[in-house]
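Taken in order, these protein sequences are the chains called Y and V. The first sequence begins at 1 in the working numbering and counts up by one. The second sequence begins at 1001 in the working numbering and counts up by one. The beta-carbon is built from N, C-alpha and C at its ideal position, and this holds for glycine as well.
Protein chains: 2
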Amino acid sequence: MRVSAKADYAVRAAAELAASEEGPIKGGRLAEAQDIPLQFLEHILLDLKHQGIVHARRGAKGGYWLARPADEVTVADIVRAVEGPIAHVQSTPPEAIEYHGNAESLQKVWIAVRASLRTVLENVTLADLVSGNLPPVVEELTANPDAWVASTGTKEMATKGD
Amino acid sequence: MRVSAKADYAVRAAAELAASEEGPIKGGRLAEAQDIPLQFLEHILLDLKHQGIVHARRGAKGGYWLARPADEVTVADIVRAVEGPIAHVQSTPPEAIEYHGNAESLQKVWIAVRASLRTVLENVTLADLVSGNLPPVVEELTANPDAWVASTGTKEMATKGD
DNA sequence: TGCGCTCCTGACCAAAGAAGTCAGGAAAGT
DNA sequence: ACTTTCCTGACTTCTTTGGTCAGGAGCGCA
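Here's what the structure looks like:
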């Protein structure tokens, strides 16, 4: 239920690519712009390349660029490319799990979890990110000040929250 | 972005507790009912106890029971108890991250991710789970058949999907 | 042709987490 | 006392995370 450094780095690097639509940008510049360890970033960019999200060229005037226009690449695409499937339970997709007894409805809950993640991640494109013009669903979710604090917390909870 | 076995087990065991409101239920019965390794389950139940979600008594007629009524315990409570904070990025809460340059809006996206997870997890109680009567937000999210398949997939994607 | 630049790839590494197992101790009931 | 059940820490195995290192392969240019 957490976002890895890899996914975070990947989206940030991709945003940087989306921002400047002028020829290939080299890894070093991306690393510097977003303060990401270069060698780690190169592995990440390789993943993105293998998933067909970016293209790359080597040599003097080489670098990386987006394979598709920035408004056709979603954050979900990037996260899946580096982290694999979203919202799997015990490494199996929620639709493939069989629950028994009193937990039968739990499958529906995990499906809902995945669906709600998708409504955010699949609706934000790199173009949205760099323009700062986020889709309505994100604006609505972040409009509530409670979304910005650790945890609403049920009465008798003393937890740190999230 | 995945759900651990621990969290899955915890919710299932809690659901079993919520289902039978008749005195303490012993770990062995929970383990059998939901097919969970007993010794592993005991550690999980201990976590739940430390978070004040269940109570326990030892000895002959001992066992576990919910500390609060089943309609006042949410799935979010359980997940937080065993997995810690939800939707942290690089182990830090999204509201505490500072992004620079073209990634500035990314913070808002992660906040939205957390908020959307909360709308599901904090609205499903154990009572909802065992009754099968899930809140409207879950019914809406799972009504769409697309929610039940691996991935809608952008055109040229050949990924396995989630 | 050669040279430098940049990507590409695999190997490696330390630390942490995931998923359990094992062994023993401490309370509760009979 | 004795059994039952929870409680706890230690330990194990495997994978993931977050990197680093060393070298190879293609690209452009003089």
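- Close CB contacts of R1012/V within its chain, under the 6 Å cut and outside five residues either way in sequence, are with Q1034 (chain order).
- At least one beta carbon of chain V lies nearer than 8 Å to the beta carbon of W148/Y.
- Counting the other CB atoms within 10 Å of its CB gives R57/Y a total below 16, which places it among the exposed residues.
- When the beta-carbon positions are compared, A76/Y and R118/Y come within less than 8 Å of each other.
- At the C-beta level, V1054/V and L1066/V come within 8 Å of one another.
- G63/Y: not part of any alpha helix (DSSP H); member of the beta strand (DSSP E) spanning 63-66, first to last residue.
- For K1026/V, there are no C-beta contacts with chain Y under 8 Å, since the nearest C-beta of that chain is about 16 Å from it.
- Comparing C-alpha distances from M1/Y to each of V113/Y, P136/Y, E122/Y shows the shortest one belongs to V113/Y.
- Bridge pairing for R1002/V: absent [DSSP].
- Contact between the segment 127-147 of chain Y and the segment 1094-1109 of chain V is present, with at least three C-beta pairs closer than 8 Å.
- Between the C-alpha atoms of V137/Y and V120/Y there is a straight-line separation of about 7 Å.
- If you ignore the 5 residues before and after D128/Y, its C-beta comes within less than 7 Å of the C-beta of L134, P135, all in its own chain and listed in chain order.
- Residue-level contact check: G23/Y does not touch chain V, since none of the beta carbons of chain V fall below 8 Å from its beta carbon.
- When beta bridges are read from the DSSP output, R57/Y appears opposite G63/Y.
- Judged by DSSP in its simplified three-state form, V113/Y adopts helix.
- With respect to the 8 Å criterion, V82/Y and A18/Y are not classified as neighbours on the basis of their beta carbons.
- Among the residues facing chain Y, V1124/V is included, as its CB has a counterpart in that chain under 8 Å away.
- In the structure shown, V11/Y adopts helical secondary structure according to DSSP, grouped into three states.
- Secondary structure at I1086/V: coil, using DSSP grouped into helix, strand and coil.
- At least one CB of chain Y lies nearer than 8 Å to the CB of R1114/V.
- In this structure, DSSP gives I25/Y an extended state, which the three-state scheme calls strand.
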